[in-house]
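Please read the structure below before turning to the comments.
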Amino acid sequence: MQLMNVIDESGILAISTRLQRLADTLRKDGVLIYKANNIDFEPKWFPVIYTLHFKPVLSVVEIANEIGYTHPSTISLLKELEKEKLIRSKKDKADERKRLIMLTAKGQELVERMKPVWEIIKSAAAELTNTQNNLMKAIAEVEEQISEQSFFARAQRLKAGR
Numbered sequence: 001m002q003l004m005n006v007i008d009e010s011g012i013l014a015i016s017t018r019l020q021r022l023a024d025t026l027r028k029d030g031v032l033i034y035k036a037n038n039i040d041f042e043p044k045w046f047p048v049i050y051t052l053h054f055k056p057v058l059s060v061v062e063i064a065n066e067i068g069y070t071h072p073s074t075i076s077l078l079k080e081l082e083k084e085k086l087i088r089s090k091k092d093k094a095d096e097r098k099r100l101i102m103l104t105a106k107g108q109e110l111v112e113r114m115k116p117v118w119e120i121i122k123s124a125a126a127e128l129t130n131t132q133n134n135l136m137k138a139i140a141e142v143e144e145q146i147s148e149q150s151f152f153a154r155a156q157r158l159k160a161g162r
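Here the sequence shown is numbered in full-length UniProt numbering, starting from 1 and rising by one per residue.
Pasting the structure below:
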């Protein structure tokens with residue numbers, strides 16, 4: 001059992017900090033899992049690589065929508081992946097302004113090597129989240145609540161009601 005610190009004791013007030021801490025821990029261990037399986041891969045690249053594995057040709061905007069990131073964050077990730085030669089882009093023949101993104105042969109080969117590791121990660125994550133209050137279900141419920149009314153809008157409403 002871990003000792004409580006001020007952040008832990010603050011309860012719901014520190015939800016963002018606690019979620020960030022949990023995400024950081026999972027990300028660090030993700031790096032270790034990939035390394036232990038001789039795969040040089042950054043977990044932050046996962047949403048783009050995984051999405052392109054299932055939807056082989058997408059525009060930048062489509063990728064941003066699929067992974068739920070802002071356009072600038074998506075562009076930043078795409079630049080990293082292009083530098084690593086895991087993705088490539090080409091101009092859309094129908095719309096010259098649009099870039100279409102796809103995995104390179106190196107990216108596709110990496111996905112094939114990662115598939116068995118993803119199964120291990122999925123099983124380990126399922127063990128971790130299979131708790132009395134199932135984290136994945138709770139996250140989905142909170143995301144649904146936010147889609148109905150944002151965190152900011154709720155705070156403004158509560159402030160006005162005081």
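C-beta: ideal position from N, C-alpha, C; glycine also.
Mind reading off the beta-carbon distance from residue 59 to residue 92? Whole number of angstroms is fine, and I expect it under 8 Å.
Looking up residue 59 in the sequence shown gives position 59. Looking up residue 92 in the sequence shown gives position 92. About 7 Å separates the two Cβ atoms, so the contact holds.
Can you find a heavy atom of the ligand PLP that lies under 6 Å from the Cβ of residue 116?
Only the bare structure without any ligand can be found here, which leaves the ligand PLP out of the picture.
Would you grab the beta carbon distance between residue 121 and residue 103 for me? Rounded to a whole angstrom, and I think it's under 8 Å.
Along the sequence shown, one-based indexing puts residue 121 at 121. Along the sequence shown, one-based indexing puts residue 103 at 103. Rounded, the Cβ-Cβ distance is 19 Å, inconsistent with contact.
Just to confirm, are residue 53 and residue 64 a CB contact at a threshold of 7 Å?
Stepping through the sequence shown from its first residue, residue 53 is reached at position 53. Stepping through the sequence shown from its first residue, residue 64 is reached at position 64. In this structure, residue 64 does not lie closer than 7 Å to residue 53 by Cβ.
What residue does the beta strand (DSSP E) around residue 88 start on, and which one ends it?
Here residue 88 refers to the residue found at position 88 of the sequence shown. 87-91 is the span of the beta strand (DSSP E), which, as asked, contains residue 88.
Between the CA atoms of residue 68 and residue 99 - distance to the nearest angstrom
Here residue 99 refers to the residue found at position 99 of the sequence shown. Here residue 68 refers to the residue found at position 68 of the sequence shown. Between the alpha carbons of residue 99 and residue 68 lies a distance of about 18 Å.
So which of 126, 159, 110 has the shortest CA-CA distance to residue 46?
Here residue 46 refers to the residue found at position 46 when the sequence shown is read from its first residue. Checking every option, the nearest Cα to that of residue 46 belongs to 110.
Sort out for me which residues DSSP pairs residue 59 with in a bridge.
Your numbering for residue 59 matches position 59 in the sequence shown. Beta-bridge pairing links residue 59 to 100.
Rounded C-alpha distance that separates residue 81 from residue 16
Along the sequence shown, read from residue 1 onward, the residue named residue 81 stands at position 81. Along the sequence shown, read from residue 1 onward, the residue named residue 16 stands at position 16. Distance between the alpha carbons of residue 81 and residue 16 is about 28 Å.
Quick check on this structure: which residue in 10, 149, 4, 19 has the alpha carbon closest to the alpha carbon of residue 138?
Along the sequence shown, read from residue 1 onward, the residue named residue 138 stands at position 138. Nearest C-alpha to residue 138: 19.
Compare the beta carbon distance of residue 85 and residue 106 with 7 Å and say whether it is the shorter of the two.
Taking the first residue of the sequence shown as 1, we reach residue 85 at position 85. Taking the first residue of the sequence shown as 1, we reach residue 106 at position 106. Closer than 7 Å, so yes.
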